[in-house]
Amino acid sequence: MIEFFSLVLFSGSLFGLLLARDWWAAVRDRRVLRRAGAMLERLRGGPVAGATGAFGEPSEIVSGTTGASLYIWNPAVARALEAASVPVVVAMTVDPEGRVAAATARLR
527 MIEFFSLVLF SGSLFGLLLA RDWWAAVRDR RVLRRAGAML ERLRGGPVAG ATGAFGEPSE
587 IVSGTTGASL YIWNPAVARA LEAASVPVVV AMTVDPEGRV AAATARLR
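With our numbering as the guide, the letters of the sequence shown map in order to residues 527 to 634.
So this is what it looks like as structure tokens:
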């Protein structure tokens, strides 16, 4: 009978530890997204040089037909973002004058 209760206690503890670890990773990911969102909000409307100064050189730049460009930073390149359990991708739309029109940060 003791063996059964020991097994149940050990299994329950292991399951609880795994749930707590996943919960903490989700909390950390939300914090990273909130910080990235606040940083991107400050960059909106400013020159794209401010974004490259904060995040480093973008991983990809796609030029559109209207003169606007899409700047994409992958997590390995974006030095301003702290580590998350999944990669955080930052994308900015830059108008023809070189100002940040829209910016998003997403978990991949």
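C-beta: ideal position from N, C-alpha, C; glycine also.
In whole angstroms, give me the CA-to-CA distance for A580 and I598.
13 Å
Leaving out five residues on either side along the sequence, give the residues of the same chain with a beta carbon under 6 Å from the beta carbon of A647.
Residue 647 lies beyond the stretch modelled for the chain, which goes from 527 to 634, so this question has no answer here.
Compute the Euclidean distance between the alpha carbons of E623 and L544, then round it to the nearest angstrom.
Computed Cα separation, rounded: 50 Å.
Requested in this report: Please classify L569: is it buried, with 16 or more other beta-carbons within 10 angstroms of its beta-carbon, or exposed?
Outcome: buried
Measure the Cβ-Cβ separation of A577 and V626 and say whether it is below 8 Å. Yes, these two residues count as a Cβ contact at 8 Å.
For a test of the three-state rule: what should DSSP assign to M618, helix, strand or coil? strand
Check: If you drop the 5 nearest sequence neighbours on each side, which residues of the same chain put their C-beta closer than 6 Å to that of R632?
Finding: V615, listed in sequence order.
### Query
Hey, which unbroken runs of the beta strand (DSSP E) at 3 residues or more fall wholly within the region 541-609?
586-589 and 595-599
>> Considering only the alpha carbon of each residue, which of N600, S595 and T591 lies closest to G582?
In response: N600
Problem set entry | For A594 and D555, believed in contact at Cβ under 8 Å, the rounded distance | At roughly 30 Å, the Cβ-Cβ gap does not stay under 8 Å, so D555 and A594 are not in contact.
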